[in-house]
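Worksheet for the structure shown next.
Written as structure tokens, this is what we have:
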């Protein structure tokens, strides 16, 4: 499929990325190239092929249900760009 | 002979005999880093004081007759994508420039347990995305054989430091060739273990179903030493294989009798640099002279490897990198400036129509978007975009699901080939190292350089790069050996056989003193 600048803008919102005008332009061209390249997979008939999500297909890896210490709050908050004593701080989600 | 010219195995013997102390060895490497790394840029951070303190502790315990771990006093460099407790772990990104993890990666903990001296963190492409290390936001790494050339990537610093004798051993990660390709470009040995062989706990995730940690070293015996320490089951990584590991450091010296090597003839012709192809053919002859049988094999779906990889890896990356949101850790944009700009945009709309204003980002969404715009470099953004696109509504079946099916076909090719041969042999890369800047503006051209390496990650098998010659311009060429899952011992033994018969791994680049 052809990838338009509008598609790229939409994807940038989904990806929570803000792209500059220049980046949008370059990205549209480059992504179009790459998408065209990966579409060569269409040449392959994969009708009865089971998808392979992982190289080592373990199932039900269980550990004993024993409570263990979790990361202390202070360690979890240590790298926060903005915080108070107990929480991460973010810009107001609802209006002022 | 200077200590830094010895192999890790030789150094360990010196340390055990007491003819050198851990402080001697560590100081010798720190001095070389001081002299040469300003130009090469292999390291993002060198832990001079900590490294010397660790070395002193090993010496003290050794002289007190206490037992010492298997790497007792050997310096090891760590790619800066593995968490080191309370020490910066940047992933080569502005996003994590000031991040200090609250815990050690399992591999780091095992190295400490083994009494390795953690000498520093090495440069990489941002979040391990790239093939040149040019995507690092924090510095340029150069190829020691020609400092105008890239060292490869993403483990460019890891390969460079071993090639330039700035560390005897280093840890890299490989998602589509990121250990093997820089090892080939820099003329060192690099091993990507089987998926699940080495715990990924504490490895900052890029593509979780493909990422694997492995050793870089001057030779197979040294790599075996390091693998033996880092491999093994870990409860904290549910994808880690709960199967016994071999005594690699011992078995590496045992030659393989009746070795059957598979050759994919196409891989020696199609688009491969002539000097690289010549070096690989000569290496095949070396094996033949050692008694190996060469068998033609075919991997018919290998040519779809890049397309498959550049769907699956970006999809996983776009999910994994969603965590960099400016909230929990890492970079956040200047909030005041962001709010001011958003206010200005609202005013510029010159309307009270809520429907129009709702089109604008909310402050929270703008904070995410602006943070990520400033925190990520271009290649990371490109892959996030590609992955988000491929997973977005209406495209899942056409791209991601299709790629997972082709992945199965690629794995089946290997299973069939390995029914007849022990290992598959060929080139690691289609070309030797190229000039810095050559492929910066052409991502697809850079991706195509991963042609021979990505399939091993998609299939989850083990693979290794061993130096096998030089081009006319004096750049190293790498020989690729691939093995069935969990056969790392075979890879290392085959590489050791080769290195007993050749001296490519003993060649050293001539380095200029740093200015």
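Residue numbers (our numbering), protein chains in the order written: chain A, 55 to 150; chain C, 850 to 1364.
Idealized CB from N, CA, C, for every residue including glycine.
Since the structure is predicted, the reported quantities are computational estimates derived from the model, not experimental observations.
What residue 1176 (chain C) touches in chain A, judged by beta-carbon distance under 9 Å, is 134, 135, 136, 142, 143 and 144, going in chain order.
Annotation for residue 1185 (chain C): no residue places its beta carbon closer than 6 Å to its own, counting only its chain and skipping 5 residues before and after. In this structure the segment 936-948 of chain C does not touch the segment 1060-1074 of chain C; the number of beta carbon pairs closer than 8 Å is below three.
Measuring C-alpha to C-alpha distances from residue 104 (chain A) to each of C:880, C:1271, C:906 and C:1260 identifies C:1260 as the nearest.
In this structure, residue 1019 (chain C) lies near residue 925 (chain C), with their beta-carbon atoms less than 9 Å apart. Taking a Cβ-Cβ threshold of 8 Å, the residues of chain A close to residue 1253 (chain C) are 105, 106 and 107, in chain order. With its beta carbon less than 9 Å from one in chain A, residue 1227 (chain C) belongs to the interface. Taking 9 Å as the CB threshold, residue 1258 (chain C) lines the interface with chain A. Under the three-pair Cβ rule at 8 Å, the segment 850-862 of chain C does not count as touching the segment 965-975 of chain C.
Contact between residue 69 (chain A) and residue 1167 (chain C) holds, with the beta-carbon distance rounding to 6 Å and staying under 8 Å. Below the 7 Å Cβ cutoff, chain A contributes 70, 71 and 72 as neighbours of residue 1218 (chain C), in chain order. Annotation: residue 931 (chain C) to residue 1125 (chain C) spans about 32 Å, alpha carbon to alpha carbon. Neighbours of residue 1184 (chain C) across chain A, judged by C-beta separation under 8 Å: 136 and 145. Residue 1276 (chain C): member of the beta strand (DSSP E) spanning 1272-1276, first to last residue. The distance from the Cβ of residue 950 (chain C) to that of residue 1000 (chain C) is about 25 Å, inconsistent with a contact at the 8 Å cut-off. Where residue 1034 (chain C) is concerned, the enclosing alpha helix (DSSP H) starts and stops at 1029-1035.
Restricting attention to C:1057, C:1356 and C:1021, the CA atom closest to the CA of residue 108 (chain A) is found in C:1057. Runs of the beta strand (DSSP E) lying entirely within the segment 858-931 of chain C, each at least 3 residues long, are 892-895 and 924-928 in chain order. Chain A places a beta carbon closer than 9 Å to that of residue 1230 (chain C), counting this residue as a contact. Taking a C-beta distance under 9 Å as the contact criterion, residue 960 (chain C) and residue 927 (chain C) qualify as a contact pair. Residue 93 (chain A) has a beta carbon lying within less than 9 Å of a beta carbon in chain C. Beta-bridge annotation (DSSP): residue 966 (chain C) is paired with C:924. Scanning its chain for C-beta atoms nearer than 6 Å, with the 5 sequence neighbours on each side dropped, one finds around residue 1182 (chain C) the residues 1219, 1220 and 1223, in chain order. Between residue 87 (chain A) and chain C, the shortest Cβ-Cβ separation is below 9 Å.
For the 9 Å CB-CB criterion, residue 974 (chain C) and residue 1005 (chain C) form a contact.
For residue 936 (chain C), the three-state secondary structure derived from DSSP is strand. DSSP places residue 1109 (chain C) outside any alpha helix (DSSP H); the residue lies instead in the beta strand (DSSP E), whose first and last residues are 1109-1112. With respect to the 9 Å criterion, residue 1109 (chain C) and residue 1328 (chain C) are not classified as neighbours on the basis of their beta carbons. Under the three-state reduction of DSSP, residue 1020 (chain C) is assigned to strand. In the DSSP assignment, residue 67 (chain A) falls within the unbroken alpha helix (DSSP H) covering 59-68. Within the segment 1135-1161 of chain C, no complete alpha helix (DSSP H) segment of 4 residues or longer occurs. By the beta-carbon neighbour count (other beta carbons within 10 angstroms, threshold 16), residue 1362 (chain C) is exposed. Contact between residue 1255 (chain C) and residue 100 (chain A) is confirmed by a C-beta separation of about 6 Å, below the 8 Å threshold.
DSSP, reduced to helix, strand and coil, places residue 1233 (chain C) within a helical segment of the structure shown. The closest CA to that of residue 1029 (chain C), considering only C:1105, C:1140, C:1265 and C:1300, is found on C:1300.
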